[in-house]
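Take the position in the sequence shown, starting the count at 1, then add 11; the result is the number in this note's numbering. Working notes, beginning with the structure itself.
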Amino acid sequence: MPTPHNEALANDFAKTVLMPGDPLRAKYIAENFLTDVKQVNGVRNMFGYTGYYNGKKVSVMGSGMGIPSISLYAYELYTVYHVDRIIRIGSSGATTPDLKLFDIVIAMGACTNSSWANQYKLPGTFSAVASYSVMKESIDACEKHGFPYQVGNTLSSDNFYGEEWEPWANMGIIAVEMEAYGLYCVAAQLHKEALTILTISDSLITHAETTAHERETGFNNMIKVALDCIKE
């Protein structure tokens, strides 16, 4: 059952896995939101944990940075560990002045400048979209908690410091991140559920930004929304 990248055993993972990019954020979530927590993976310090939230079994595990990293871990979670639902919870840069620091973005779709989808040999361009059921649950959770949020299209960029976001913003992209497109492709390929929930960590418009510590421990609203979307 263990893979070269994951030492977990059968049934160590819950049916829902939350995936922050930073494995230390996974550790933070496990220690501050879950009960009866067990660490199930530590290979390459990509920490994974399983515990309970309001009586529901849930797992949280880091994904690393970029489409290849999250896609590798997601593929193994879906196929080897029989996970049904993966919710990416990450940081993003706002490309619209309407989004402020710590606002939530629910990524109904993800565009990309990556050639990732070429491997599927499709006769065109694949539109990577979230699973509607989990997306609706996340919207309902934002409404319940009264958290500021927007639902929209995002850009999964291969180049973190690239300056090419403005043409995408002109097409309605509201935030830039690095992983959602890959997660949505893998989920589509395997007929599984996936959603990306983001917190605005910086603004490409105003240049406001959060600190590294705030990105690790300060995104509690997004975490609460994701935990409201546990599928048992």
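Glycine included, each C-beta is placed from N, C-alpha and C at the ideal position.
Assign residue i to one of three DSSP states: helix, strand, or coil.
{"i": "serine 142", "result": "coil"}
{"i": "methionine 119", "result": "strand"}
{"i": "isoleucine 172", "result": "Before going on, a small fix: residue 172 reads as tyrosine here, not isoleucine. Reduced to three states, the DSSP call for tyrosine 172 is coil."}
{"i": "glutamate 190", "result": "coil"}
{"i": "lysine 155", "result": "helix"}
{"i": "alanine 205", "result": "strand"}
{"i": "leucine 29", "result": "strand"}
{"i": "isoleucine 40", "result": "helix"}
{"i": "leucine 133", "result": "coil"}
{"i": "glutamate 220", "result": "strand"}
{"i": "leucine 166", "result": "strand"}
{"i": "lysine 147", "result": "helix"}
Along the beta strand (DSSP E) that carries residue i, what are the first and last residues, could you check?
{"i": "methionine 57", "result": "That residue, methionine 57, is in no beta strand (DSSP E); it is neither H nor E in DSSP."}
{"i": "serine 102", "result": "96-105"}
{"i": "lysine 68", "result": "67-72"}
{"i": "valine 236", "result": "Note, valine 236: premise wrong, no beta strand (DSSP E); alpha helix (DSSP H) at 231-238."}
{"i": "serine 80", "result": "That residue, serine 80, is in no beta strand (DSSP E); its alpha helix (DSSP H) goes 78-90."}
{"i": "serine 125", "result": "Here serine 125 belongs to no beta strand (DSSP E), and DSSP marks it neither H nor E."}
Tell me, to the nearest whole angstrom, how far the beta carbon of residue i is from that of residue j; I am working on the premise that it is less than 8 angstroms.
{"i": "serine 138", "j": "glycine 120", "result": "7 angstroms"}
{"i": "valine 236", "j": "phenylalanine 158", "result": "7 angstroms"}
{"i": "cysteine 240", "j": "alanine 118", "result": "In fact, because the Cβ distance is near 14 angstroms, the residues do not count as touching under 8 angstroms."}
{"i": "asparagine 17", "j": "glutamate 87", "result": "6 angstroms"}
{"i": "glutamate 204", "j": "lysine 68", "result": "In fact, because the Cβ distance is near 16 angstroms, the residues do not count as touching under 8 angstroms."}
{"i": "glycine 59", "j": "alanine 21", "result": "About 14 angstroms separates the two Cβ atoms, so there is no contact after all."}
{"i": "isoleucine 98", "j": "valine 48", "result": "Actually they do not touch by this definition, with Cβ atoms about 18 angstroms apart."}
For residue i, count the other beta carbons within 10 Å of its own beta carbon; 16 or more makes it buried, fewer makes it exposed. Which is it?
{"i": "serine 74", "result": "buried"}
{"i": "arginine 55", "result": "exposed"}
{"i": "proline 34", "result": "buried"}
{"i": "tyrosine 143", "result": "exposed"}
{"i": "lysine 248", "result": "The chain is shown only over 12 to 243; residue 248 falls outside these bounds and no answer can be derived."}
{"i": "proline 31", "result": "buried"}
{"i": "glutamate 174", "result": "exposed"}
{"i": "methionine 233", "result": "buried"}
{"i": "serine 214", "result": "buried"}
Ends of the alpha helix (DSSP H) at residue i?
{"i": "threonine 228", "result": "223-228"}
Do the stretch 195-205 and the stretch 127-136 meet, that is, are 3 or more Cβ pairs less than 8 angstroms apart?
yes
Taking one C-beta from the stretch 83-98 and one from the stretch 166-176 each time, how about it: are there three or more such pairs within less than 8 angstroms?
no
How do the stretch 101-112 and the stretch 182-189 stand: do at least 3 beta-carbon pairs fall below 8 angstroms, yes or no?
yes
Segment contact, 8 angstroms Cβ cut-off, at least three pairs: the stretch 76-84 with the stretch 36-43
no
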